[in-house]
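Colleague:
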Amino acid sequence: METKKSEVRLMKGNEALAEAAIRAGLDAYFGYPITPQSEILEYFTEQIPKRRGVVLQAESEVASINMVYGAAGAGARVMTSSSSPGMSLMQEGISYIAAAELPCLLVNVVRGGPGLGTIQPSQGDYFQATKGGGHGDYRLIVLAPSSVQEMCDFVFDAFKLAEKYRNPAMILSDGALGQMMEKVEFPEEGSLPHIVPDWATTGKKGRERNFITSLHMEPEKMEEINLHLQKKYKTIEENEVRYETLDVEDAEIVLVAFGLPARICQKAVELAREKGIKAGLVRPITLFPFPKKILSDLSKKIDHFLVIELNAGQMVEDVMLAANGNCPVHFKGRMGGMIIQPEDVLEEIEKIIQQPILQE
Amino acid sequence: MSQEILLEDMQCVYQKPATLTDDYMHYCPGCGHAVAHKILMEVVQEMGIQEDIVGVAPVGCSVFAYNYMNIDMQEAAHGRASAAATGIKRVLPEKYVFAYQGDGDLAAIGTAETIHTINRGENILIVFINNGIYGMTGGQMAPTSLLGQKTSTSPYGRDVEHNGYPLKITDLIAHLPGAYYVTRQAVHTPNTVRKFKKAIKNAFEFQKLKKGTCFIEVVSNCPSGWKMTPKETLAYIEEKMLPEYPLGDLKVPTQNNN
Amino acid sequence: MIKGTVLINSENCKGCELCIVACPQESLSLSQKINLRGYRYVELSQDNCTGCTNCAIVCPDSAITVYRQSKQNYKKAV
Ligand SMILES: Cc1ncc(C[n+]2csc(CCOP(=O)(O)OP(=O)(O)O)c2C)c(N)n1
Ligand code: SF4
Ligand code: SF4
């Protein structure tokens, strides 16, 4: 298939993501099979030998992430992907990558947990993705797609952000987005130029040696590194927040959902509006940095937030922090691979607005 | 007779290689790591590959190898040096790449990475420092600790029933078709150091051929962990370590695998 | 016999004595003095060094530089 020009194709989310990565100038992919994201590795092993770059099926996720560390440290545009149990295995390596400030793309096509869990979609890894995940104080830049098109687009965005901030970026997807087929329009190959950074370990030709490390024995130095990282995360929070809103202007109840549930909530807002309920929706696109400000602003105007997630309630904690007591924050979730339906959301909305509001 | 006058007639026949930095090494007195670093860097200097090489340091006493080796280096997670080296070599196939690892790093926590890196025949050099103990964390038992060896976690001596056998990982990996050159060397006497140096040179020459992984075990010492003076470790190496880990080539390129 | 000598960087020496064991001429010994880091360091204590480099080769801390009489000068001396 000719894939040089910008074009529209019908594709699975996982494959769209992989195709996008090749077009984004991916130098190397290292990964290990796990459902529901194995199509990514399969797509690369089929396409990369015919196009450009390195693809390697590693012996484990532990090996994959450390290969990513090596290749990213050597200045390559590099990525790995996995699903929840595999992502857990990678956490030590991700912490090293964040500490050594290496740009790379991590993709978690989340499945239901805990444990071996299920291969069905879930958002149970929100905490792991947005709060660090591994040891120490670090953050990933986390993008949450809600369509196959975004599975493609966010690859470009994630590489741009990762390289801009020298920080690992993650696409937090789920099993349903990975497997569903939709039309997707691809950018042209080569539209994201990559310059080998001057800090990379490529052999010390004509310069002082470079080294990549996360070890600093003096506490003063380690605190300095931490302060530097925190400053960087702050800058990211100030500049890179992304979200979408729907019908929030006059809303009395605002749904908050990311990824696939955001699409379900779109439908729920429609259903609610048909019934004359002033509902709206905020969809965080970046989970870190989290869109605190819009939620905080809304919390002063609306009666209720209702957070919808495919987990036991994780992002809801961040919404509560943003609302800071200005309005009640409700939660409805499904777990274990179960998907919530628009009608369920509507029912929840109705329950909430029928509750008598306590008088002060 | 002052030394200056004397030196005038003389030529320098051995000095610290310029490929080592001026940093004072943090290693304990008499530690084999330091000898291995120096020899590795001597070869890098003699082969003129200082600008074309990337090394990977492990977690272990040699975690700071990048402070001493004046080349581009990365510090990998515990046990994952060969995976990081794989990542580097795959994206920089024309550079020399090596992983430098201790026995806990390579033969315990990193066993899977070690075996699979070599099984893929990654065109890198792995230098494996076998001192039979965990130096960095204070002298705990290593997979390579000898039977009967007392360590902080085998205070009554390593016991087969409880802890299994010393892991001869070098013998194991020599069987892998991806291994191109496998040898066991030491650095405790002038002669063993000279042979080790030759082995490093061989390994970098072989790396150019892209025929598979080169693996050099170094039977080394850990005076602090063994609770011995450096001088005492020499006899221990000869009498205890070498019978278990005999020196010599385990696999050399032949007509067949050439 | 070819004449040699060694220069010892006493501040880098950790007094491990491996060079003393390696020296076939028994030219080296530990000084009574200590360096800034608190180690007794090695000294050339006899004038019989041949410049064989054995001591420097085994020195972990690259503390020894070895010099040897060049062939030319050796002939002159003989
Ligand atoms: C994941 C992880 N587990 C444990 C440790 C602690 N640790 C640091 S070094 C080391 C063992 C080092 O021993 P070895 O590899 O034999 O090297 P040596 O210090 O003897 O040179 C251990 C267990 C760690 N840093 N990371
Ligand atoms: S603890 Fe052992 S291995 Fe570590 S520096 Fe000291 S002697 Fe060397
Ligand atoms: S081998 Fe080096 S460090 Fe050890 S005593 Fe001799 S000069 Fe000093």
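Protein chains in written order, with my numbering: chain A, 1 to 360; chain B, 361 to 618; chain C, 619 to 696.
Note that beta-carbon positions come from the ideal geometry of N, C-alpha and C, so glycine has one too.
When you compare the CB of Tyr387 of chain B with every CB in chain C, is at least one pair closer than 9 Å?
Modeller: By one-based count along the second sequence, residue 387 of chain B stands at place 27. Tyr387 of chain B counts as touching chain C.
Colleague: Bridge partners for Phe211 of chain A per DSSP, in chain order?
Modeller: Counted from its first residue, the first sequence places residue 211 of chain A at position 211. For Phe211 of chain A, which the question treats as bridged, DSSP gives the partners B:Met433.
Colleague: Suppose contacts are defined by Cβ-Cβ distances below 9 Å. Is Tyr165 of chain A in contact with Ile195 of chain A by that definition?
Modeller: For the purposes of this step, residue 165 of chain A is taken as the residue at position 165 of the first sequence. For the purposes of this step, residue 195 of chain A is taken as the residue at position 195 of the first sequence. Not a contact, by the Cβ cut-off of 9 Å.
Colleague: Along the chain, which unbroken stretches of the alpha helix (DSSP H) at least 4 residues long are found entirely within the region 306-336 of chain A?
Modeller: Qualifying alpha helix (DSSP H) stretches, in chain order: 315-323.
Colleague: Taking the alpha carbon of Glu270 of chain A as the reference point, which residue from A:Phe211, A:Pro284 and A:Val248 has its own alpha carbon closest?
Modeller: Position 270 of the first sequence, counted from the first residue, corresponds to residue 270 of chain A. That would be A:Val248, whose Cα lies nearest to the Cα of Glu270 of chain A.
Colleague: Taking C-alpha atoms, which residue in C:Lys651, C:Gln687 and C:Ile675 lies nearest to Glu629 of chain C?
Modeller: Here residue 629 of chain C corresponds to residue number 11 of the third sequence, with the count starting at 1. Of the listed residues, the one whose Cα sits closest to Glu629 of chain C is C:Lys651.
Colleague: Assuming Ala396 of chain B and Val520 of chain B make a contact with CB atoms under 8 Å, what is their CB distance in whole Å?
Modeller: Looking up residue 396 of chain B in the second sequence gives position 36. Looking up residue 520 of chain B in the second sequence gives position 160. The Cβ separation is near 30 Å, so there is no contact.
Colleague: Can you tell me whether Ser83 of chain A is buried or exposed, with buried defined as 16 or more other CB within 10 angstroms of its CB?
Modeller: One-based indexing of the first sequence puts residue 83 of chain A at position 83. Classification of Ser83 of chain A: buried, given that the 10 Å Cβ count is 16 or more.
Colleague: On a CA-only basis, which of C:Gln664, C:Asn653 and C:Asn666 is nearest Cys631 of chain C? Give me that one, please.
Modeller: In the third sequence, the residue the question calls residue 631 of chain C occupies position 13. Considering only alpha carbons, the answer is C:Asn653.
Colleague: How close, in whole Å, do the beta carbons of Arg139 of chain A and Phe288 of chain A come, if the pair is a contact with beta carbons under 8 Å?
Modeller: Reading the first sequence from its first residue, position 139 is the one you call residue 139 of chain A. Reading the first sequence from its first residue, position 288 is the one you call residue 288 of chain A. Going by Cβ atoms, the distance from Arg139 of chain A to Phe288 of chain A rounds to 5 Å, so yes, they are a contact pair.
Colleague: Give the DSSP-derived three-state secondary structure of Met90 of chain A in the structure shown.
Modeller: Residue numbering aside, residue 90 of chain A sits at position 90 when the first sequence is read from its first letter. Coil, per DSSP.
Colleague: Per DSSP, which one or two residues make a beta bridge with Ile576 of chain B?
Modeller: By one-based count along the second sequence, residue 576 of chain B stands at place 216. Note: Ile576 of chain B sits in a beta bridge opposite B:Val487 and B:Thr543.
Colleague: Just the Cα atoms here: how many angstroms apart are Ser659 of chain C and Ser422 of chain B?
Modeller: Along the third sequence, one-based indexing puts residue 659 of chain C at 41. Along the second sequence, one-based indexing puts residue 422 of chain B at 62. First, the amino acid is wrong: residue 659 of chain C is Tyr here, not Ser. Those two C-alpha atoms are separated by around 24 Å.
Colleague: Thinking just about the alpha-carbon of each residue, which of A:Glu309, A:Leu215, A:Ala158 and A:Ala251 is nearest to the one in Ser299 of chain A?
Modeller: Along the first sequence, read from residue 1 onward, the residue named residue 299 of chain A stands at position 299. Closest by alpha carbon: A:Ala251.
Colleague: Determine whether the Cβ of Thr593 of chain B lies closer than 9 Å to any Cβ atom of chain A.
Modeller: Stepping through the second sequence from its first residue, residue 593 of chain B is reached at position 233. For Thr593 of chain B, the answer is no, since every Cβ of chain A falls outside 9 Å of its Cβ.
Colleague: Can you check whether the C-beta of Glu661 of chain C is within less than 9 Å of a C-beta belonging to chain B?
Modeller: Within the third sequence, numbered from 1, the residue matching residue 661 of chain C stands at position 43. With 9 Å as the cut-off, Glu661 of chain C does not count as an interface residue toward chain B.
Colleague: Rounded to whole angstroms, what is the Cα-Cα separation between Gly325 of chain A and Leu116 of chain A?
Modeller: The residue you call residue 325 of chain A lines up with position 325 of the first sequence. The residue you call residue 116 of chain A lines up with position 116 of the first sequence. Approximately 37 Å between the Cα atoms of the pair.
Colleague: Kindly indicate if chain B contains any beta-carbon less than 9 Å away from that of Gln687 of chain C.
Modeller: The residue labelled residue 687 of chain C in the question sits at position 69 within the third sequence. Yes, Gln687 of chain C counts as interfacial toward chain B.
Colleague: Run the CB neighbour count on Thr614 of chain B, radius 10 Å, all protein chains shown included, and call it buried at 16 or more, exposed below.
Modeller: Within the second sequence, numbered from 1, the residue matching residue 614 of chain B stands at position 254. Thr614 of chain B should be labelled exposed.
Colleague: Here's the rule I'm using: 16 or more other beta-carbon atoms within 10 Å means buried, otherwise exposed. How should Met79 of chain A be labelled?
Modeller: Here residue 79 of chain A refers to the residue found at position 79 of the first sequence. Per the 10 Å Cβ criterion, buried.
Colleague: Which bits of chain A does Ile413 of chain B rub up against, with CB to CB less than 7 Å?
Modeller: Stepping through the second sequence from its first residue, residue 413 of chain B is reached at position 53. Those within 7 Å of Ile413 of chain B in chain A are Gly203.
Colleague: Work out the CA separation of Ala546 of chain B and Gly622 of chain C for me, nearest whole Å.
Modeller: Here residue 622 of chain C refers to the residue found at position 4 when the third sequence is read from its first residue. Here residue 546 of chain B refers to the residue found at position 186 when the second sequence is read from its first residue. Between Gly622 of chain C and Ala546 of chain B, the C-alpha separation is close to 27 Å.
Colleague: 9 Å is my cut-off, CB to CB: does Lys561 of chain B come that close to chain A?
Modeller: Position 201 of the second sequence holds residue 561 of chain B. Not an interface residue.
Colleague: Per the DSSP calculation, His121 of chain A is bridged to which residue(s)?
Modeller: Along the first sequence, one-based indexing puts residue 121 of chain A at 121. According to the sequence displayed, residue 121 of chain A carries Pro and not His. DSSP lists A:Arg111 as partners of Pro121 of chain A.
Colleague: Does the separation of the CB atoms of Leu177 of chain A and Ala268 of chain A fall below 9 Å?
Modeller: Position 177 of the first sequence, counting from 1, holds the residue named residue 177 of chain A. Position 268 of the first sequence, counting from 1, holds the residue named residue 268 of chain A. Result no, Cβ atoms of Leu177 of chain A and Ala268 of chain A do not sit closer than 9 Å.
Colleague: Return helix, strand or coil for Asn644 of chain C, following the three-state DSSP convention.
Modeller: If you number the third sequence from 1, residue 644 of chain C lands on position 26. Per the sequence presented here, residue 644 of chain C reads as Glu, with Asn not at that position. Here Glu644 of chain C sits in coil by DSSP.
Colleague: List the residues of chain A that His476 of chain B touches, going by C-beta distances under 8 Å, in chain order.
Modeller: Along the second sequence, read from residue 1 onward, the residue named residue 476 of chain B stands at position 116. Residues of chain A passing the Cβ test: Ala58, Glu59 and Ala63.
Colleague: Quick check: the region 96-104 of chain A against the region 64-71 of chain A, are there 3 or more CB pairs under 8 Å?
Modeller: Cβ pair count under 8 Å is three or more, so yes.
Colleague: Are Ile308 of chain A and Tyr243 of chain A close, meaning C-beta to C-beta below 9 Å?
Modeller: Taking the first residue of the first sequence as position 1, residue 308 of chain A is located at position 308. Taking the first residue of the first sequence as position 1, residue 243 of chain A is located at position 243. No, the Cβ-Cβ distance between Ile308 of chain A and Tyr243 of chain A is not below 9 Å.
Colleague: In its own chain, which residues sit with a C-beta less than 7 Å from the C-beta of Met361 of chain B, not counting the 5 before and 5 after it?
Modeller: As a first step, residue 361 of chain B is located in the second sequence; it is residue number 1 there, counting from the start. Reliability of the predicted coordinates at Met361 of chain B is poor, the pLDDT of 41 falling under 50, and the value obtained from them is presented with this limitation in mind. Same-chain partners within the cutoff: there are none.
Colleague: Which partner residues does Leu246 of chain A have in the DSSP bridge list?
Modeller: Along the first sequence, one-based indexing puts residue 246 of chain A at 246. A:Leu281, per the DSSP bridge assignment.
Colleague: Mind checking whether the beta-carbon of Pro503 of chain B lies closer than 8 Å to any heavy atom of ligand 2?
Modeller: Reading the second sequence from its first residue, position 143 is the one you call residue 503 of chain B. Outside the cutoff, so no.
Colleague: Buried or exposed, going by whether 16 or more other CB atoms sit within 10 Å of the CB of Glu206 of chain A?
Modeller: As a first step, residue 206 of chain A is located in the first sequence; it is residue number 206 there, counting from the start. With the sequence shown as reference, residue 206 of chain A is identified as Gly, and Glu is not the correct amino acid for it. Classification of Gly206 of chain A: exposed, given that the 10 Å Cβ count is below 16.
Colleague: Hey, is Ser84 of chain A's beta-carbon within less than 9 Å of any beta-carbon in chain B?
Modeller: For this step, residue 84 of chain A is matched to residue 84 along the first sequence. So, not an interface residue.
Colleague: Name the DSSP bridge partner or partners of Leu227 of chain A?
Modeller: As a first step, residue 227 of chain A is located in the first sequence; it is residue number 227 there, counting from the start. Partner(s): none; Leu227 of chain A has no beta bridge.
Colleague: At a CB-CB cut-off below 8 Å, which residues of chain B make contact with Ile675 of chain C?
Modeller: The sequence position of residue 675 of chain C within the third sequence is 57, counting from 1. Neighbours of Ile675 of chain C on chain B, chain order: Tyr374, Pro550, Val553 and Arg554.
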